[in-house]
Structures are given as structure tokens and as C-alpha cells.
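In our numbering, the protein residues as written are 2 to 122. Working notes, structure below.
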């Protein structure tokens, strides 16, 4: 059984669960949106995506973010997925991330979309 992320309770008062595909997508989300140092026992876990939210949308920044994401997914989820492609777009204060991957156990091709939105204060 895979516990759903974010943690929530279902209608029976139990922890909600997720199927295998949902669970892997939720694991990808955790890797993308956890800042290094945020997990005490795994200080290297995650990415630094929040640093790029207000970056200009130039080729160098986008390439760097794509490599950052692909490397983190390979490091932390390489036993579960094979990353095919990472596409990044930066629009205003939103970082859009599309990840194309294959689930190794089922060989199923998947595409997941994520957004990291921030607001300037």
C-alpha cells in the first residue's frame, strides 16, 4: 500500500492511499519541491527550484534547471523511473516543469506536470 502525498485521511478515517502511478508522481513532486537541507536525515535530498522562480527565461537558466531536475530525479528515483525528458518554462513568477518518464516496473510511459508558483512581497 502506498500512502498518498500530501498526507490526508480518507472517508474511513484511515490514511489515504495512492495507486503505483500516483505514488511515483507524488515521489517526483517531493523530489522537485523539497529544498536541500529541509530533511534532517537526508540533507542532500531535493532540488533548489525555488531559487529559479523569479529568474529570467533565458536558455542558460532553463538548461541549468533541466539538468538540476534530471539529476535529482535520477539520483533519488532512478530505481523506479527512467527520465526521458524534462521541459522547463518560466513565465512571470511561475516555474512550469514537465517530466516525461518510464516506470521501470511496468514499462509504462508517463508525463507529469508540476508548477512552482511564488509571489513577490
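C-beta atoms are modelled at their ideal positions from N, C-alpha and C, and glycine is treated no differently.
query	result
Rounded separation between residue 84 and residue 106 - CA only	14 Å
Cβ-Cβ distance between residue 4 and residue 18 below 9 Å	yes
Cβ pair count under 8 Å reaching 3, the segment 92-100 against the segment 66-80	yes
contact_flag[the segment 68-79, the segment 44-51] where n(CB pairs < 8 Å) is 3 or more	yes
Cβ neighbours of residue 11 in the same chain (closer than 8 Å, five flanking residues each side left out)	17 and 18
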